[in-house]
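Undergrad: Handing you this structure, nothing more for now.
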Amino acid sequence: MKALFLNKYFIDPEALIERSMPCEGNVFIKKGAVVQSFDRIGDCKVMLEEKSFTYDGDLVKKRGNYISQGEVVASSKRAFGLEVSTKSPFTGYIIKTDAVNKEIFIRKPSRPFELISGVPGFVTAVIEGRGVLITTRALRVRGVASYGAEVGAELLVFGEHNDNLKQENFENELAEKIVVCGHLTREAYAKGRAVGVEGFVCGSCNLALFNNLKGDCPPVLVLEGFGKIPLSPLVFDYLKSVQSRFVVLRACERELIIPESGKQGWCSTKSVPFVDVKRGQAVQIFSFPYYGFFGTVISCDEEKGLVKVEMWEKKEKIELPVENLGVVGG
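Under my numbering, the first residue of the sequence shown is numbered 9, with each subsequent residue one higher.
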């Protein structure tokens, strides 16, 4: 008796990872070079955003001056000899002044940016002045839905595979991290966006939250489905074991890419549409009320086309048609 094979977790011996800088700079590495995860391969100077504010009176600073936050930039005389001054709310360089509208435009100082390889492998191509393409061995985790751009960052895992990500979880430093959780709530997403989370990987989230994602916001990868479906314990335990590793969330292809040099017996190295159902296999269920949940095959009835499964979450044993499940793992 055969069942659908879910090629959700598989090893890719030649995953291609792009590492690029936010603006033009210097790339030190050459095509064909071998790199390790923390090699410095390029640098640039990032020009930060421009800000503006209004002032009263006469300017005491001019274009090109560097000013600090709280520094006086303009002053005026009032009645009874009172002097009123305008202080800059920002630090940076004055790039323009508007005497008609009494407005000053500030550009924040540039900051240095160092490009780190992030993954071990060899350089397949160099994008002059911008970055490189690195070929590496990686584990790919495929989801069912995603939104957003491609981001690469350090991995951070919260709670257990069936836990909600809550606002109180955001006490730690989460800026520039890819956060993994069982269930993503609207409140947690809003809080994460506010503190600078790079992206979210979750077992499930509400469909309303997903449909409201728009514009330039942190990408979201949903691995199992919508509603309250826990994240697969197989992939959750693995991600917890590689926490703090640099990973790539490729939302455009609905996948998470984790550089991996070791053997992982729980994930696939093959790509076939169907496999024989056997006792002890991990399966995912696609019929209600257990849609998206996981279990282990304990017996098969080939004559009736039924499979008996022991649920991981509910510790129940259920029997269902073979077409209502998919085999996962190696």
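Here a beta-carbon is modelled for each residue, glycine too, at the ideal position from N, C-alpha and C.
1. For the region 94-140, which segments carrying the beta strand (DSSP E) assignment without a break, of at least 3 residues, lie completely within its bounds, in sequence order?
2. Just curious, the alpha helix (DSSP H) that Val203 is in, first and last residue?
3. Where do the N-terminal and C-terminal ends of the alpha helix (DSSP H) with Ala216 fall, by residue?
4. Need the endpoints of the beta strand (DSSP E) that Phe254 sits in, please.
5. Leaving out the 5 sequence neighbours to the left and right, which residues in its chain are closer than 7 Å to Glu122 when beta-carbon positions are compared?
6. If you draw a straight line from the C-alpha of Tyr74 to the C-alpha of Arg115, how long is it?
7. Starting from the C-beta of Gly204, find all residues in its chain whose C-beta is less than 8 Å away, skip the five residues before and the five after it, and write them out in chain order.
8. What residue does the alpha helix (DSSP H) around Val243 start on, and which one ends it?
9. Is the CB-CB distance between Ile142 and Gly160 below 7 Å?
10. Around the Cβ of Thr94, are there at least 16 other Cβ atoms within 10 angstroms (buried) or fewer (exposed)?
11. Would you check if the distance between the CB atom of Gly211 and the CB atom of Pro238 is smaller than 7 Å?
12. Are Ala23 and Ile266 touching if we call contact CB-CB under 7 Å?
13. Which residues does DSSP list as the beta-bridge partners of Gly334?
14. Can you give me the C-alpha to C-alpha distance between Leu14 and Gly334, rounded to a whole angstrom?
15. Assign Ala232 to one of three DSSP states: helix, strand, or coil.
16. Assign Phe178 to one of three DSSP states: helix, strand, or coil.
17. Residue range of the beta strand (DSSP E) that Arg287 falls in?
18. Let me check understanding here. Comparing Cα to Cα, which of Ile112, Asn332 and Val228 lies closest to Phe296?
19. Can you tell me the Cβ-Cβ gap for Leu164 and Gln289, rounded? I've got them flagged as a contact below 8 Å.
20. Where DSSP assigns a beta bridge to Arg150, which residues make up the other side?
21. Nearest to Glu321 by CA position, among Tyr17, Val131, Val81 and Phe302, is which residue?
22. Does DSSP put Pro238 in a helix, in a strand, or in coil?
TA: On the basis of the coordinates in this document:
1. 100-106, 111-115, 119-124 and 129-135
2. Mapped onto the sequence shown, residue 203 falls at position 195. Start and end: Arg194 to Val203.
3. For this step, residue 216 is matched to residue 208 along the sequence shown. Looking at the DSSP string, the run of the alpha helix (DSSP H) that includes Ala216 is Leu215 to Asn219.
4. Within the sequence shown, the letter at position 246 stands for residue 254. Here the beta strand (DSSP E) through Phe254 covers Phe254 to Arg258.
5. For the purposes of this step, residue 122 is identified with residue 114 of the sequence shown, where counting begins at 1. These residues qualify, in order along the chain: Arg48 and Asp51.
6. To locate residue 74, count along the sequence shown from 1; it is residue 66. To locate residue 115, count along the sequence shown from 1; it is residue 107. Roughly 9 Å separates the two Cα atoms.
7. Position 196 of the sequence shown, counted from the first residue, corresponds to residue 204. Within the same chain, Cβ atoms closer than 8 Å to the Cβ of Gly204 are found at Leu182, Ala183 and Glu184, the five residues on either side in sequence being excluded.
8. Translated into positions along the sequence shown, residue 243 becomes position 235. First-last of the alpha helix (DSSP H) with Val243: Pro241 to Ser249.
9. Position 134 of the sequence shown, counting from 1, holds the residue named residue 142. Position 152 of the sequence shown, counting from 1, holds the residue named residue 160. Between Ile142 and Gly160, the gap from beta carbon to beta carbon reaches 7 Å or more.
10. Taking the first residue of the sequence shown as position 1, residue 94 is located at position 86. Classification for Thr94: buried.
11. For the purposes of this step, residue 211 is identified with residue 203 of the sequence shown, where counting begins at 1. For the purposes of this step, residue 238 is identified with residue 230 of the sequence shown, where counting begins at 1. Against a cut-off of 7 Å, the Cβ pair of Pro238 and Gly211 comes out as a contact.
12. Your numbering for residue 23 matches position 15 in the sequence shown. Your numbering for residue 266 matches position 258 in the sequence shown. Going by C-beta atoms, Ala23 is not nearer than 7 Å to Ile266.
13. Counted from its first residue, the sequence shown places residue 334 at position 326. In the DSSP output, where bridge partners are listed per residue, Gly334 has Leu12 and Gln292.
14. In the sequence shown, residue 14 corresponds to position 6, counting from 1. In the sequence shown, residue 334 corresponds to position 326, counting from 1. Each residue's alpha carbon lies about 6 Å from the other.
15. In the sequence shown, counting from the first residue as 1, residue 232 sits at position 224. Residue identity differs from the one stated: residue 232 is Glu in this sequence, not Ala. Strand.
16. Working through the sequence shown from its first residue, we reach residue 178 at position 170. Phe178 falls in the helix class under three-state DSSP.
17. Start at 1 with the first residue of the sequence shown, and residue 287 comes out as number 279. Segment: none, Arg287 is in no beta strand (DSSP E) and carries neither H nor E.
18. Within the sequence shown, numbered from 1, the residue matching residue 296 stands at position 288. Per the Cα distances, Asn332.
19. The residue you call residue 164 lines up with position 156 of the sequence shown. The residue you call residue 289 lines up with position 281 of the sequence shown. Not confirmed; about 31 Å, so no contact.
20. Here residue 150 corresponds to residue number 142 of the sequence shown, with the count starting at 1. Its beta-bridge partners are Glu263.
21. One-based indexing of the sequence shown puts residue 321 at position 313. Per the Cα distances, Phe302.
22. As a position in the sequence shown, residue 238 is number 230, starting the count at 1. Note: Pro238 maps to coil in three-state DSSP.
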